[in-house]
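Written below as structure tokens is the structure these notes are about.
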Amino acid sequence: MKYTVDKKGFYGEFGGSFIPEAMYPNIEELRMNYLDIMNSTDFKKEFKQLLKDYVGRPSPLYFAKRLSEMHDTKIYLKREDLNHTGSHKINNTVGQILIAKKLGKTRIIAETGAGQHGVATATVCALMGIKCVVYMGALDVSRQAPNVLRMKMLGTEVIPVESGNKTLKDATNGAMRDWINNPWDTHYIVGSVIGPHPYPDMVARLQSIISEEMKWQLKKQVGRDYPDYILACVGGGSNAAGAFYHYLDDEKVKLIATEAAGLGADTPETAATLAIGSPGVLHSCRTMLMQNEDGQITEPYSISAGLDYPGIGPMHSWLHKIGRTEYLCITDKEAVDAAFTLTQTEGIIPALESAHALAVLNKKKFGKDDVVVINLSGRGDKDMHTYIDIMQKKINI
């Protein structure tokens with residue numbers, strides 16, 4: 003079974019590049035050059051150096067002793083939360099800024115939901131001295147205020163998007179409109195494995211450093227280079243794509259991804275795309291979407307700003323359809339409970355996105371000798387106001 007993208011940008015029936023004519027020059031330039039750039043000696047050298055000396059990689063693979071004892075299994079946390087800027091997003095932005103420079107681009111745009119991708123993009127633009135504009139839904143601007151301030155401090159212009167549900171989908175629409183109007187000098191750093199080809203493949207390759215490190219870290223710690231299970235959350239799905247990438251062909255490794263069910267996949271307040279969605283085209287690729295019978299996108303909801311996207315990356319739509327990955331629905335309450343458990347057993351406050359992956363521990367029973375790796379995609383600093391509100395009972399979940 004083929005799990006990676008084909009030459010036309012499809013994972014099975016999902017993917018492709020459904021773009022307006024005005025976007026064609028941008029996408030075609032990137033498609034024609036991204037693999038050559040990424041495979042070049044100069045790119046590999048600079049990318050690895052920045053990941054090591056700037057991002058702080060390799061990120062640790064930490065044995066969570068007390069959490070393991072609680073669940074009677076062997077739990078390891080891939081600590082992407084310890085990266086510079088606080089999440090896995092920096093892996094992708096470092097790679098894409100180098101690609102943009104090779105293509106001669108002098109301006110960067112991006113979309114962001116939780117703000118982590120926006121901060122990571124703003125960070126690399128400050129590093130490289132390139133102008134940066136980030137589009138962010140107005141609702142996310144208010145609930146992720148610390149990250150907005152970080153972006154502005156880094157010299158980035160943050161544009162609140164007032165349309166739609168004022169969240170990630172709308173921010174992506176704003177960024178795409180900008181790129182159509184500024185095709186020659188601008189590169190769009192897409193933050194997840196979504197969008198037209200080659201973005202899903204390019205972002206997955208850049209994030210695959212996660213599973214690449216995991217292999218030698220596991221070999222060193224448990225004597226074999228593969229776990230029994232890998233758990234990761236999915237919105238668009240880039241951290242999961244990176245954690246799964248080098249194990250897709252290894253059927254011994256069971257892959258579990260978690261969607262944000264919000265108040266429940268059977269309620270209108272959800273972001274569980276695969277649970278309730280159907281195939282369609284959004285943001286220039288064919289994938290599973292939350293939409294009504296007329297094909298109109300329905301608004302997602304999650305307590306986690308990074309997971310309330312009404313679609314999912316085409317790679318994940320394909321992995322779901324063929325059964326290679328199990329996708330579970332995690333409610334707000336389940337995620338928050340898992341976050342507090344990790345905090346009080348291991349002294350690690352996770353991002354609300356990552357907490358959705360942690361919640362699998364309460365939904366599935368793992369064997370005593372199973373090695374379970376959870377990709378801890380981000381740290382909880384950005385969500386402290388939500389955690390505080392919960393502790394002060396201002397939010398009912």
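So that you can map any letter, position 44 of the sequence shown is 46 in our numbering, and since no number is skipped, the others follow by simple counting.
C-beta: ideal position from N, C-alpha, C; glycine also.
Quick caveat: nothing in here was measured; it's all calculated off a predicted structure.
TODO: Determine the direct distance from the alpha carbon of I99 to that of T125, and round the result to whole angstroms.
DONE: 10 angstroms
- [ ] Would you list, in sequence order, the uninterrupted alpha helix (DSSP H) runs of no fewer than 4 residues that lie entirely inside the stretch 342–366?
- [x] 354–360
Open item on the list: Output needed for L63: all residues of its chain with C-beta closer than 6 angstroms, excluding positions within five of it in sequence on either side, in chain order.
Closed with: Y78, K80, Q219
Task: Whole-angstrom distance between H90 and I132, CA atom to CA atom - done: 21 angstroms
Task: Q219 (DSSP reduced to helix, strand or coil) - done: helix
TODO: For A340, write down the residues that DSSP places opposite it in a beta bridge.
DONE: The partner list for A340 (beta bridge, DSSP) is empty, contrary to what the question assumes.
Open item on the list: Let's see if you can read the secondary structure: which residues bound the alpha helix (DSSP H) around L170?
Closed with: 170–183
Open item on the list: Among T327, T272, M317, I314, whose alpha-carbon lies nearest the alpha-carbon of E301?
Closed with: T272
- [ ] Grab me the residues of I212's own chain with a C-beta within less than 8 angstroms of its C-beta, minus the 5 sequence neighbours each way, in chain order.
- [x] S61, K80, E82, H90, N93, N241, G244, A245, Y247, N377
- [ ] In the DSSP assignment, find the alpha helix (DSSP H) that holds H189 and state where it starts and stops.
- [x] Taken as a continuous stretch (DSSP letters only), H189 belongs to no alpha helix (DSSP H), being part of the beta strand (DSSP E) at 188–191.
Open item on the list: In whole angstroms, give me the CA-to-CA distance for E348 and E215.
Closed with: 22 angstroms
Task: Cutoff 7 angstroms; reference Q146; Cβ partners in own chain excluding five residues on either side - done: A116, G117, A307, K384
- [ ] Tell whether a beta-carbon distance below 8 angstroms holds between V374 and D230.
- [x] yes
TODO: Compute the distance between the beta-carbons of G282 and L276, then report whether it is under 8 angstroms.
DONE: no
- [ ] Report the three-state DSSP secondary structure of L257 (helix, strand or coil).
- [x] strand
Task: Boundaries of the beta strand (DSSP E) in which G282 is found, first to last residue - done: 280–284
TODO: Compare the Cα-Cα distances from I299 to each of L309, G313, I305 and report the closest residue.
DONE: G313
Task: Collapsed DSSP secondary structure at N294 in the structure displayed - done: coil
TODO: Just tell me which of E113, G157, N149, P185 has its CA closest to the CA of A128.
DONE: G157
Task: Presumed contact (8 angstroms Cβ cut-off) between E328 and L257, rounded CB distance - done: 7 angstroms
TODO: Look at the alpha carbon of F45 and the alpha carbon of A341, and state the distance between them as a whole number of angstroms.
DONE: 37 angstroms
TODO: Could you pull out every residue in the same chain whose Cβ sits closer than 7 angstroms to the Cβ of F16, ignoring the five residues on either side in sequence?
DONE: R288, T289, P316, S319, W320
TODO: Compare the Cα-Cα distances from G197 to each of H387, D371, M386, A112 and report the closest residue.
DONE: A112
Task: K395, DSSP secondary structure in three states - done: coil
- [ ] Compare the C-alpha of R381 against each of T169, N28, N149 and name the closest.
- [x] N149
TODO: Could you check if L52 is buried or exposed, using at least 16 other CB atoms within 10 Å of its CB as the buried criterion?
DONE: buried
Open item on the list: I need the straight-line Cα distance from A66 to I392, nearest angstrom please.
Closed with: 25 angstroms
Task: Three-state class that DSSP yields for L330 in the structure shown - done: strand
TODO: Please work out which residues of its chain come closer than 8 angstroms, Cβ to Cβ, to D252, disregarding the five sequence neighbours upstream and downstream, and give them in chain order.
DONE: Y228
TODO: Check whether the Cβ atoms of G166 and S194 lie closer than 8 angstroms to each other.
DONE: no
Task: Span separating the alpha-carbon of L32 from that of P200 - done: 7 angstroms
TODO: Give me whichever residues DSSP pairs with G377 in a beta bridge.
DONE: Reading the sequence as shown, one finds Asn at residue 377 and not Gly. Paired residue(s): K80.
Task: Three-way DSSP call (helix, strand, coil) for I299 in this model - done: strand
- [ ] Within the same chain, show all residues whose beta-carbon is closer than 7 angstroms to that of V362, passing over the 5 residues directly before and after it, in chain order.
- [x] L233, I258, T260, L330
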